[in-house]
Amino acid sequence: MRHREIDPAQLADIEKFEDMLAKYLAGEIPEDVFRVFRLNNGIYGQRQGGHNQMVRVKVPYGKLEPEQLEYFGHLADTYSRGWGHITTRQNLQFHFVQLEQVPQVMRELAAVGLTTREACGDTVRNVMGCHLAGACPFEAFDISPWAEATFQHFLHHPFGQRLPRKFKINFSGCETDCGQAMFNDVGVIAATRTTESGELEQGFRVYVGGGLGANPHPAMALEDFTAKEDLLPTIESILRVFEQVGNRKNKLRARLKWAIETMGFDVIQERILATRKLLPASSSWPGGIPEIVAKQGDAPAGRRSDVEPTPMGQGTPVAIRGTTAYERWQDANVVRGTAKGTVSAYAYARLGDITSDQFRALASIQRELGLEVRATNRQNFVFRGLSEQQLPTLYARLEAIGMAEPG
């Protein structure tokens, strides 16, 4: 398993957790103080008594490397109960980790490039992205580097440490909205528009104030079109306004959707746009094209012209016509793009649960076939970058570990 040098800021986080944990166990820190700190570091207390904890690992836009999947197998066997769980926000969770072992788990996660920081608590949660971004036949452009830039910018962000309530950001690459942008605090959908000179300009449609729960609210468009260089300043402005106006007295009405309902969308919109105008004067102004986007590029995978994308809010129909198990799996689990290397296939995880042996097998498949893997918001994994010739091999390997069901 390849280990990386731990980022100094992440190492400082872990050492702070060790120090706070030691003081808590010694009775020097009250339970309510440690609880907030623990949650902000991605650690949930369980209700079974003792020191049982649930560790939530952030996986920005679901992207995973083989050594990370291998480590999940080790974590599940060594510290948890032999299996982990994919969440609907592309995180990985492990239960029954003992509190005293958490710092060591954090160090081992950091060594493979992962963190639990701000995976829980009243913080900026994991930044989600469509799991087919960069391979989707309908995307305006690849939102992956934009989701990564957003994750990097808001991790440790000073305005995101003690928010009124949690703050969720989702990215989608096309109008189908597979990334579920429309029911989160900030939803970002890649878009294009035609300029006055007739050129096609890439940018975003940014939506705010969405949410589910007992009182669902659809997100509302902040403006008609957001230029690429304005994306991070726009999201930061939304965060700053939420930090100022969110309800800190009643957690049941503390999300951004309630601030919009109480104050009115026009008022919130005006404050966000006014804040964005002032951000260039900030020493931490995040404007312009992020370095990671400029380095990686965000070119689309190539648009498919023979099929129209499913409209937002409608289920994507799947016709399963095959007569063999392999054919049915192809019908349900394989997505074909237009460009070379944009064949993708889902590995089905029942209820989102993955055993330690399955984690290791997935890592082996990814490494041997040279593929990319992402966790999905449907609690599965998707293999990307396949050739047609690799599909039978992938199916056989997934069938051997119980992950080749259609779904």
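Using the working numbering, read the sequence shown as starting at 47 and increasing by one per residue. We treat Cβ as the ideally placed atom computed from N, Cα and C, and that holds for glycine. All of these numbers come straight from a predicted model, not from anything done at the bench.
*Hey, how far is the Cα of Thr280 from the Cα of Ile132?*
30 Å
*asked:* Can you list, in chain order, the residues of its chain with a C-beta nearer than 6 Å to that of Phe197? Leave out the 5 residues immediately preceding and following it.
replied: Pro106, Val173
*With DSSP run on the structure shown, which of helix, strand or coil describes Met449?*
Of the three classes helix, strand and coil, the one that applies to Met449 here is coil, per DSSP.
_Between the stretch 312-321 and the stretch 284-292, can you find at least three pairs of beta-carbon atoms closer than 8 Å?_
Inter-segment contact for the stretch 284-292 and the stretch 312-321 is present: three or more beta-carbon pairs are separated by less than 8 Å.
_For Asp231, count the other beta carbons within 10 Å of its own beta carbon; 16 or more makes it buried, fewer makes it exposed. Which is it?_
buried
*Measuring CA to CA, which of Gly398, Asp377, Ile400 is closest to Val389?*
Comparing Cα-Cα distances from Val389 to each of Gly398, Asp377, Ile400, the minimum goes to Asp377.
*DSSP puts Gln144 in a beta bridge; with which residues?*
Asn98
*Own chain partners of Thr161 with C-beta closer than 7 Å, once the 5 adjacent residues on each side are dropped*: Gln56, Lys104, Leu155
*Which residue from Met228, Ile447, Arg135, Asn426 puts its Cα closest to that of Ser410?*
Ile447
*Other residues of its chain near Leu209: CB distance less than 7 Å, five sequence neighbours each side excluded*: Asp168, Thr169, Phe288, Glu289, Gly292
*Nearest-angstrom Cα distance between Leu115 and Trp192?*
The alpha-carbon atoms of Leu115 and Trp192 are separated by roughly 23 Å.
*asked:* Assuming Phe213 is part of the alpha helix (DSSP H), what are its boundary residues?
replied: First-last for Phe213: undefined, no H or E at that position.
*Quick one: what's Tyr372 bridged to in DSSP?*
Answer by DSSP bridge pairing: none, since Tyr372 is not bridged.
*asked:* Using only the alpha-carbon positions, how far apart do Gly310 and Thr401 sit?
replied: Computed Cα separation, rounded: 47 Å.
*Exposed or buried, which one is Asp276 when buried takes at least 16 other CB atoms within 10 Å?*
buried
*Could you check what DSSP says for Leu408 in three-state terms: helix, strand or coil?*
helix
*Does the Cβ-Cβ distance between Ala27 and Arg211 come in under 8 Å?*
Because the chain spans 47 through 453 in this model, residue 27 falls outside it and cannot be assessed.
*For His177, count neighbouring C-beta atoms within 10 Å of its own C-beta (all shown protein chains included) and say buried if the count is 16 or more, exposed if not.*
buried
*Kindly indicate which residue of Ala186, Gly219, Gln425 has the alpha-carbon position closest to the one of Tyr175.*
Per the sequence presented here, residue 175 reads as Gly, with Tyr not at that position. Selected option, being the one with the closest Cα: Gly219.
*What are the start and end residues of each continuous alpha helix (DSSP H) run of 4 or more residues lying completely inside the stretch 272-300, in chain order?*
277-291
_C-beta atoms of Ala395 and Val428 nearer than 8 Å_ = no
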